[in-house]
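Numbering (our numbering), first residue to last: 2 to 52. Contents: one structure, followed by commentary.
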């Protein structure tokens with residue numbers, strides 16, 4: 002939480018966040034830790050319970 006009602010992010014200023022988002026959308030590979038865990042979990046679930 003930032004002071005005085007606003008926050009500052011160097012990553013957003015440099016465009017790193019936008020680059021990661023566009024990479025993830027175009028390739029389908031998540032760049033966040035929770036996204037990777039979700040994708041791996043879904044893949045394992047499909048492998049175990051596929052028909």
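Glycine is no exception: its CB is placed at the ideal position from the N, C-alpha and C atoms.
Below 6 Å CB to CB, which residues in the same chain sit around residue i once its five sequence neighbours on both sides are set aside?
{"i": "residue 32", "result": "21 and 25"}
Measure the alpha-carbon distance for residue i versus residue j and round it to whole angstroms.
{"i": "residue 45", "j": "residue 51", "result": "10 Å"}
{"i": "residue 41", "j": "residue 29", "result": "13 Å"}
{"i": "residue 13", "j": "residue 6", "result": "17 Å"}
{"i": "residue 35", "j": "residue 18", "result": "16 Å"}
{"i": "residue 11", "j": "residue 23", "result": "18 Å"}
{"i": "residue 38", "j": "residue 48", "result": "15 Å"}
Within the continuous alpha helix (DSSP H) that includes residue i, where are the two ends?
{"i": "residue 46", "result": "34-50"}
{"i": "residue 18", "result": "17-28"}
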